[in-house]
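For the sequence shown, counting from 1, position 88 maps to 88 in full-length UniProt numbering; every step adds exactly one. Think of the CB as a built atom: it goes at the ideal place given N, C-alpha and C, for glycine as much as any other residue. To keep things clear, I will list the structure first and then write my remarks on it.
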Amino acid sequence: MTASPHHSVLRVGDGTLTSGDVERVARGEARVVLAPDVLDRVGRWAVRAAEYAGNRPIYGRSTGVGANRGVPVTPDAGHALRLLRSHATSAGPLRSPERVRAMLLVRLAQLAAGGNGIDPAVVQALVALLDADALPPVREWVGIGTGDLSALATTALVLTGEVPASRPVPMTVTFGPGDALAFLSSNAAALGDAALAVAALRRLAAASLVTGSLTLAAVRGNREAFAPAVAVATPFPGAATVCRTVRTLTDPSRDPGPRGADEPARPQGAESREVAGPRDDPRGVGGPARIQDPFGLRTMPQVHGALLDALDRAEAVVTAMATAPSENPALSPEHGVAHHGAFHAAYLGQALDALRLAVAEAAATTLSRVTMLAEPELTGDEPFLADGTPGASGTMVVEYVAAAVVGDLRASADPAGRHTVTVSRGLEDGASQASLAARETLGVVEPLRVLLGCELLTAARALGPLGPAATLPPALEPVLEAVAEAVPRLGDRADRDLTTDLEEAVRLVDGLPALAGASLG
1 MTASPHHSVL
11 RVGDGTLTSG
21 DVERVARGEA
31 RVVLAPDVLD
41 RVGRWAVRAA
51 EYAGNRPIYG
61 RSTGVGANRG
71 VPVTPDAGHA
81 LRLLRSHATS
91 AGPLRSPERV
101 RAMLLVRLAQ
111 LAAGGNGIDP
121 AVVQALVALL
131 DADALPPVRE
141 WVGIGTGDLS
151 ALATTALVLT
161 GEVPASRPVP
171 MTVTFGPGDA
181 LAFLSSNAAA
191 LGDAALAVAA
201 LRRLAAASLV
211 TGSLTLAAVR
221 GNREAFAPAV
231 AVATPFPGAA
241 TVCRTVRTLT
251 DPSRDPGPRG
261 ADEPARPQGA
271 ESREVAGPRD
281 DPRGVGGPAR
291 IQDPFGLRTM
301 PQVHGALLDA
311 LDRAEAVVTA
321 MATAPSENPA
331 LSPEHGVAHH
341 GAFHAAYLGQ
351 ALDALRLAVA
361 EAAATTLSRV
371 TMLAEPELTG
381 DEPFLADGTP
391 GASGTMVVEY
401 VAAAVVGDLR
411 ASADPAGRHT
421 VTVSRGLEDG
431 ASQASLAARE
441 TLGVVEPLRV
451 LLGCELLTAA
461 RALGPLGPAA
471 TLPPALEPVL
481 EAVAEAVPRL
491 GDRADRDLTT
501 DLEEAVRLVD
511 GLPALAGASL
521 G
């Protein structure tokens, strides 16, 4: 990730780091620089930590760790290196470059906060490692939510030159007596995974409002479920956002935006494209087909709103922990040395467990909408949006795919925090399992994307040239046009393998909010 004219620059050490920041660096879209005062701040704390160590025992510097906490050790580089080597033990497949970069950035941001006593040369070496994209070989099973010890020990050994990285290491350092545990004492790998998951899920949550709005249009759903009064009746920020966003996306009179010079203005009275409505609707095209829709549409503010609020909570926890000096022991100018348990990532684990549950509930309503689109009583179309051939299957198996994905998402909603363990001769008698929670949360991203692709493809088929749907709101026209371009056979309803169509729809999902102008802000 050496400097490039196409890279933005992320300054670390100013006290803020968002999931979006982590994602940009993880993708190689931004390079990292330190805020001007970081090295001075870290250096002052290193001097102060050495002074404290001269007056009292300090865990990990002058003692062993874990159940060996009461064993005095000689505070020298040999002790530090032994600690790093023993704690580098790990197993499982190697993590992706994106996840490793995310971990390195989070650890750098935490160390830049000061209060840890680490040598500023370690911080400089970590910046150089990121800049050179020389990534440590971090394996999958690295922690139990009480510190990602093996991942960070492996990283430290890369910084010493003892373990090879993915590229030559530009700067090596020697870990002194106060550096080893200070470097290890972090949940940076879990936080990196969490940040990547939150950033991706926020995009998908916005996309779900677009696909849900398409379904609402396809079945001529009732927009009353998203009225301002509903936001009052469901007094939470996420519900208000869903109501506002869906109202905007499904507004039949809303102009989608400025037109090009060569694009004709929309004729008066043609604010939206009209196609045939459900065949049994006596009111014709224009109004809602029902006084109340099934829950998959009617409860979107409550269910998808809860997902947005869970995302906000997870983002707040990630942002706070990614820049907090959480190393054990904590060093304070007012209170000196304080040994503590801030490495126990219960806040993170619980926020992520709640987020996965919210994803699973939103996924269930999404599956409900896919099912609606197969129902003639709701669409006014053929069963499964087929071509009318007796017994034709149409989109039947798209619904099966969606249901299979929802099964995975429901299984992933099992709270990781309930699987606590006791280790280190009984001394460490609890674990947040935030590492597991973060991996599981990152793991729901692709299944959710596929599920939304199922809804996108099915709703677009219902709204296509042969579809019945009612009035297509202007904000959704660019979405349908994008699907029609990506899926050339969208209008071909003869029974056929829809795998390629679905793959193309899935590829469009992340970009749906931009196409429709669906901002969650």
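task: Using the Cα positions of Ala419 and Ala437, report the straight-line distance between them to the nearest angstrom.
output: First, the residue type needs correcting, since residue 419 is His and not Ala in the sequence shown. Spanning the two alpha carbons is a distance of roughly 10 Å.
field: Member of Pro252, Ser253, Pro228 and Gly443 whose CA lies at the smallest distance from the CA of Thr241
entry: Looking from the CA of Thr241, the closest CA among Pro252, Ser253, Pro228 and Gly443 belongs to Pro228.
- prompt: Is Ser8 helix, strand or coil by DSSP?
  reply: It is a strand residue.
message: For Ala349, report the span of its alpha helix (DSSP H) as first-last.
response: The question names Ala, yet the displayed sequence has Gly at residue 349. For Gly349, the enclosing alpha helix (DSSP H) starts and ends at Ala346 to Met372.
query: How about Ala195 and Val337: do their beta carbons lie closer than 8 Å?
result: Val337 sits away from Ala195, with the two beta carbons spaced by 8 Å or more.
message: For the alpha helix (DSSP H) containing Glu23, name the first residue and the last one.
response: Per DSSP, Glu23 belongs to the alpha helix (DSSP H) from Ser19 to Ala26.
field: the segment 496 to 504 touching the segment 234 to 253, judged by at least three CB pairs closer than 8 Å
entry: Between the segment 496 to 504 and the segment 234 to 253 there are fewer than three C-beta pairs closer than 8 Å, too few to call the two in contact.
query: Which residue from Met372, Val198 and Ala404 puts its Cα closest to that of Leu352?
result: Taking the Cα of Leu352 as reference, the smallest distance to any Cα among Met372, Val198 and Ala404 is reached at Val198.
message: Once the 5 residues before and after Thr155 are set aside, which same chain residues still bring their CB inside 6 Å of it?
response: Hits under 6 Å: Pro136.
query: So, is the C-beta of Thr211 closer than 8 Å to a C-beta in chain D?
result: The structure shown contains no chain D, having only a single protein chain.
task: Classify Ala316 as buried or exposed, calling it buried when 16 or more other Cβ atoms lie within 10 Å of its own Cβ.
output: Under this definition Ala316 is an exposed residue.
task: With a cut-off of 8 Å on the beta carbons, I'd call Val12 and Ala112 a contact; round off their distance for me.
output: With 8 Å as the limit, Val12 and Ala112 qualify as a contact, their Cβ atoms being about 5 Å apart.
- request: Mind reading off the beta-carbon distance from Glu399 to Val370? Whole number of angstroms is fine, and I expect it under 8 Å.
  value: That belief holds up - the Cβ atoms of Glu399 and Val370 are roughly 5 Å apart, short of 8 Å.
query: For Thr323, which of helix, strand or coil comes out of DSSP?
result: Coil at Thr323, not helix or strand.
- prompt: Out of curiosity, what's the CA-to-CA distance linking Arg461 and Gly491?
  reply: If I take the Cα positions, the gap works out to 7 Å.
task: Determine the direct distance from the alpha carbon of Leu191 to that of Arg313, and round the result to whole angstroms.
output: Approximately 14 Å between the Cα atoms of the pair.
task: Label Gly464 either buried or exposed according to how many other C-beta atoms from any shown protein chain fall within 10 Å of its C-beta, with 16 as the threshold for buried.
output: Of the other Cβ atoms in all chains shown, 16 or more fall within 10 Å of the Cβ of Gly464; this residue is therefore buried.
query: Is there contact here, the segment 406 to 420 with the segment 157 to 172, by at least three beta-carbon pairs under 8 Å?
result: Here the segment 406 to 420 does not lie against the segment 157 to 172, with fewer than 3 beta-carbon pairs under 8 Å apart.
task: Assuming Leu331 and Asn187 form a contact by the criterion Cβ under 8 Å, report the distance between their Cβ atoms to the nearest whole angstrom.
output: So it is not a contact: roughly 19 Å between Cβ atoms.
For Val210 and Ala486, believed in contact at Cβ under 8 Å, the rounded distance: Contact doesn't hold; Cβ gap of about 15 Å is too wide.
- prompt: Alpha carbon to alpha carbon, what distance is there between Val303 and Ala374?
  reply: CA-to-CA, the gap between Ala374 and Val303 works out to about 22 Å.
- prompt: Looking only at its own chain, which residues have a Cβ that is under 7 Å from the Cβ of Ile144, when we skip the five neighbours before and after it?
  reply: Contacts found: Val421, Ala431, Gln433 and Ser435.
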